[in-house]
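Note sheet for the following structure.
Residue numbers (our numbering): 536 to 807.
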């Protein structure tokens with residue numbers, strides 16, 4: 536009978552849970568907060584000890600799911616993508632558990648708690664999981680480094696919501712106020728206007744209608760870009776701007792006459 540020391544069991548599970556949380560966060564492009572992930576992993580280590588000492592209640596699958604959800608909430612906090620991160624965490628945990636069992640079977644070792652298998656089995660399992668996660672990342676391609684934000688705009692009682700891509704290359708600022716500029720395509724902003732065609736500078740009547748009641752608050756913003764050189768963009772300041780649920784007062788909204796994401800994955804770009 537193999538003896539499992541409590542400190543070894545807890546420390547190994549903390550390390551495993553930290554890697555699982557890290558993998559889930561990277562898979563969903565969620566903000567990684569190392570201290571919070573460490574606290575979530577600590578909860579996982581404490582749970583592993585309780586499940587080993589009192590397997591009756593703590594071994595129930597409903598309790599396991601609840602503890603996993605609590606770990607994800609501690610690590611990433613409540614946000615719009617929490618459910619997605621939670622599903623990724625369960626998927627990565629299942630993949631790791633399968634890898635441990637597979638590696639243990641190859642070495643004819645029992646696949647019990649993390650402290651009951653050898654370091655070689657754990658290392659081999661980590662390697663298998665890393666390979667699987669890396670394969671997923673490669674399939675995702677360029678989206679690995681993307682950070683998405685949820686944007687909510689309010690103008691004259693109308694509201695528009697869409698995802699925005701964080702772009703360090705967006706250096707556009709308002710020369711009048713020095714505020715940063717969120718660039719959104721006109722289709723994403725169309726719910727804010729009674730006549731969305733007003734947002735397209737290539738429409739014949741657009742410039743003439745800016746000074747009318749429909750174009751209240753709109754003005755032109757000079758900018759330069761690689762594709763078009765110097766250009767003018769329509770811009771305005773909404774009554775309320777929320778980024779990931781947080782109100783922002785230091786942002787101006789500029790209108791792109793072209794679609795920013797051909798696939799429709801985001802409707803705006805925002806400075807990192």
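For glycine and all other residues, C-beta sits at the position ideal for the given N, C-alpha and C.
Check, Outcome
"Assuming residue 712 is part of the beta strand (DSSP E), what are its boundary residues?", "It is not in any beta strand (DSSP E) - residue 712 carries neither H nor E in the DSSP assignment."
"8 Å is my cut-off, CB to CB: does residue 799 come that close to chain B?", "No chain B is part of this structure, which consists of one protein chain only."
"Is residue 565 helix, strand or coil by DSSP?", "coil"
"Taking C-alpha atoms, which residue in 586, 720, 791 lies nearest to residue 544?", "586"
"CB-CB under 6 Å to residue 650, same chain, minus the five flanking residues each way: which ones, in chain order?", "Its pLDDT being 47, under 50, residue 650 is placed unreliably by the model, and nothing is read from it."
"For the structure I just gave you, are there three or more beta carbon pairs, one from the stretch 584–598 and one from the stretch 610–628, closer than 8 Å?", "no"
"Report the rounded CA-to-CA distance for residue 559 versus residue 568, giving the unit in angstroms.", "13 Å"
"Distance check for residue 783 and residue 717, CA to CA, integer angstroms please.", "11 Å"
"Which value, in whole angstroms, describes the spacing of the CA atoms of residue 621 and residue 696?", "23 Å"
"Can you say whether residue 589 is buried or exposed, counting buried as having 16 or more other CB atoms within 10 angstroms of its CB?", "exposed"
"Please report the residue range of the beta strand (DSSP E) in which residue 777 lies.", "775–778"
"Per DSSP, what kind of secondary structure is residue 796 in: helix, strand or coil?", "coil"
"Are residue 720 and residue 795 closer than 8 Å when you measure CB to CB?", "yes"
"Alpha carbon to alpha carbon, how far is residue 777 from residue 582?", "37 Å"
"Going by Cα to Cα distance, which pick from 631, 580, 727, 780 is closest to residue 541?", "580"
"Mapping the DSSP letters down to three states, classify residue 719 as helix, strand or coil.", "strand"
"Taking residue 809 as part of the beta strand (DSSP E), name the residues at either end of that continuous run.", "Because residue 809 is not part of the residues shown, which for the chain are 536 to 807, the question remains open."
"Between residue 706 and the rest of its own chain, which residues show a CB-CB distance below 8 Å, the 5 nearest in sequence each way excluded?", "806"
"Could you compute how far the alpha carbon of residue 799 sits from the alpha carbon of residue 791?", "14 Å"
"To the nearest angstrom, how far is the alpha carbon of residue 751 from that of residue 688?", "16 Å"
"Please state whether DSSP places residue 590 in a helix, a strand or coil.", "helix"
"Tell me which residue opens and which closes the beta strand (DSSP E) that residue 782 is part of.", "781–783"
"For residue 773, count the other beta carbons within 10 Å of its own beta carbon; 16 or more makes it buried, fewer makes it exposed. Which is it?", "buried"
"What residue from 797, 584, 753 has the CA that sits closest to residue 690's CA?", "753"
"Can you pull the DSSP bridge partners for residue 787?", "716"
"Excluding five sequence neighbours on each side, which residues of the same chain lie with their C-beta closer than 8 Å to the C-beta of residue 699?", "683, 684, 685, 686, 717, 719, 778, 801, 802, 803, 804, 805"
"Which whole-angstrom value is the C-beta distance of residue 555 and residue 631, which I expect to be below 8 Å?", "6 Å"
"Would you mind sorting residue 733 into buried or exposed? The rule is 16 or more other CB atoms within 10 Å of its CB.", "buried"
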